[in-house]
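Structure record follows, encoded as structure tokens.
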Amino acid sequence: MKHKGFERLIREILPDMGYVYRPMNRRNIRRKVARRMEEAGIHEWDAYHDLLKIDGAERAAFEQVLRVTITRFFRNAGMWEELGRQITRLWTVQPDDRIISAWSAGCAGGEEAYSLAMLFEQLTSDGKLSQGWEILGTDSDTNSLKRASLMTCQWGSIKEIPDQLRERWFTEKDNSWALNPHAGRNITFLQQDILNDPLPGTFNIILLRNNILTYNTESVQRRFLSDLRRCMEPKGLLFIGRKETVPDDTGFEMLSDSIYCKTDD
Ligand SMILES: C[S@@+](CC[C@H](N)C(=O)[O-])C[C@H]1O[C@@H](n2cnc3c(N)ncnc32)[C@H](O)[C@@H]1O
């Protein structure tokens, strides 16, 4: 078999580290891991395999290399409409004067956190929401977080934004779109590993999309969701990715395809 050492490495080490082993994107992953091995001064797949078994810091670097950071604003736009309906349902029926706190966990370049800010602004200006809100965006990848602070992007990442919001929030210059800085006024970005660092607060809404529920094994997901429940307010909303599901009996009730609600303790 071609690239036998690499195949063995990912087939054996990924499940060991709590990741799902998927035979896809081989070439790309192989290239990225080879680059990381070079940085670590290692030239043989087997030697790198042995290093990963004993070196926690190298395992963390390897995990970061594997992480996919692709994202876009209002990814799967129909689901954001549904999120807007659920937010309206929860907070218009029982308005209170506490700030709504939301966390975009694994936010990549911040597009998801900014999308939520635009949604809150829209609901507010439509008279559907009267509370204040704040958003925390966290990711383990520092390059993605740098992108979040730039607030400029290319067409590919804004194409799903509803026209009205795109016109309101973005200005085009030389095929690059700049986001109005006002969109970031209630957002804080932090570097954080969601599986290994302490969870960062208590939230009414958590966005956990296209990361743990896609790339990690079910036992990692269950452990993480049990921690996540503890940092959610009663009736808190969990918003996940289009192709993802929340494992049964983890304390969440499905409200619609990608939106769950924390069940009572
Ligand atoms: C495919 S992107 C998805 C971004 C966004 N949530 C979305 O759905 O468009 C996955 C992001 O999750 C981050 N991520 C994955 N595992 C993580 C972890 N354990 N801690 C922090 N960030 C993580 C990756 O760095 C990456 O930026």
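Our numbering numbers the first residue of the sequence shown as 61 and each following residue consecutively.
The beta carbon of each residue, even a glycine, is placed where N, CA and C say it ideally should be.
Remember, it's a predicted structure, so these values are computed and weren't measured experimentally.
**Prompt:** With a cut-off of 8 Å, do at least 3 Cβ pairs link the stretch 213-221 to the stretch 230-248?
**Reply:** Yes, the stretch 213-221 touches the stretch 230-248.
**Item:** L288: CB within 7 Å of a non-hydrogen atom of ligand 1
**Value:** Exclusion of L288 from the 7 Å shell around ligand 1 follows from its C-beta lying no nearer than that to any non-hydrogen atom of the ligand.
**Message:** What does DSSP give as the partner residue(s) for L239 in the beta ladder?
**Reply:** The partner list for L239 (beta bridge, DSSP) reads F230.
**Message:** Helix, strand or coil, according to DSSP, for D199 in the structure here?
**Reply:** If DSSP states are grouped into helix, strand and coil, D199 belongs with the strands.
**Prompt:** Which residue comes first and which comes last in the alpha helix (DSSP H) that contains A92?
**Reply:** As written in the sequence, residue 92 is Lys, which differs from the Ala given in the question. Unbroken alpha helix (DSSP H) run through K92: R86 to E99.
**Prompt:** If you run the structure through DSSP and keep just helix, strand and coil, what is G384?
**Reply:** Look at the range of the chain in this structure, 61 to 325, and you will see that residue 384 is not part of it.
**Message:** Assuming contact is defined by CB atoms lying nearer than 8 Å, are G169 and A208 in contact in what I supplied?
**Reply:** With a cutoff of 8 Å on beta-carbon distance, G169 and A208 are scored as near each other.
**Request:** Using only the heavy atoms of ligand 1, determine whether one of them is closer than 7 Å to the beta carbon of Q146.
**Result:** Not under cutoff, so the answer is no.
**Request:** Give the secondary structure of Q146 by DSSP, where H, G and I count as helix, E and B as strand, and everything else as coil.
**Result:** In the structure shown, Q146 falls within a helical segment according to DSSP collapsed to helix, strand and coil.
**Item:** Bounding residues of the beta strand (DSSP E) (the contiguous stretch that carries L250)
**Value:** I247 to Q251 is the extent of the beta strand (DSSP E) around L250.
**Message:** What I want to know is whether the C-beta of Q25 ends up closer than 7 Å to one or more non-hydrogen atoms of ligand 1.
**Reply:** Given that the chain is displayed from residue 61 to residue 325, the structure contains no residue 25 and the question cannot be resolved.
**Prompt:** Should I272 be listed as close to ligand 1, given that the test is whether its C-beta is under 7 Å from any heavy atom?
**Reply:** Because some heavy atom of ligand 1 lies under 7 Å away, the Cβ of I272 counts as near it: yes.
**Asked** Going by alpha carbons, who is nearest to D156 out of G187, G192 and L179?
**Response** Selected option, being the one with the closest Cα: G192.
**Asked** At what residues does the beta strand (DSSP E) containing K303 begin and finish?
**Response** No beta strand (DSSP E) holds K303; DSSP gives it neither H nor E.
**Request:** Report buried or exposed for N270, applying the criterion of at least 16 other Cβ atoms within 10 angstroms of its Cβ.
**Result:** That one is buried.
**Asked** Taking contact to mean at least 3 C-beta pairs separated by less than 8 Å, is the stretch 99-118 in contact with the stretch 68-83?
**Response** The answer is yes - the stretch 68-83 touches the stretch 99-118, with three or more Cβ pairs under 8 Å.
**Item:** Boundaries (first-last residue) of the alpha helix (DSSP H) holding M178
**Value:** That run of the alpha helix (DSSP H) goes E171 to S185.
**Message:** Quick check on the DSSP output: what are the complete beta strand (DSSP E) runs of length 3 or more inside the stretch 252-294, in order along the chain?
**Reply:** Those beta strand (DSSP E) runs which fall completely within the stretch 252-294 and span 3+ residues are 263-268.
**Prompt:** Within 7 Å: the Cβ of A100 and any heavy atom of ligand 1?
**Reply:** No.
**Asked** For ligand 1, is there a heavy atom less than 7 Å away from the beta-carbon of A173?
**Response** Closer than 7 Å to some heavy atom of ligand 1: that does not describe the Cβ of A173.
**Prompt:** At a cut-off of 7 Å, is C213 close to ligand 1 when judged by its beta-carbon and the heavy atoms of the ligand?
**Reply:** It does not: the Cβ of C213 is nowhere closer than 7 Å to a heavy atom of ligand 1.
**Request:** Indicate, with yes or no, if ligand 1 has a heavy atom lying under 7 Å from the CB of F130.
**Result:** The sequence given here places Ile at residue 130; Phe does not occur at that position. Result yes, Cβ under 7 Å from ligand 1.
**Message:** Nearer than 7 Å: is that true of the beta carbon of R302 relative to any heavy atom of ligand 1?
**Reply:** Relative to ligand 1, the beta carbon of R302 is positioned no closer than 7 Å to any heavy atom.
**Asked** Over what stretch of residues does the beta strand (DSSP E) that includes F312 continue unbroken?
**Response** Per DSSP, F312 belongs to the beta strand (DSSP E) from F312 to S316.
**Coil, strand or helix - I114 by DSSP** = Reduced to three states, the DSSP call for I114 is helix.
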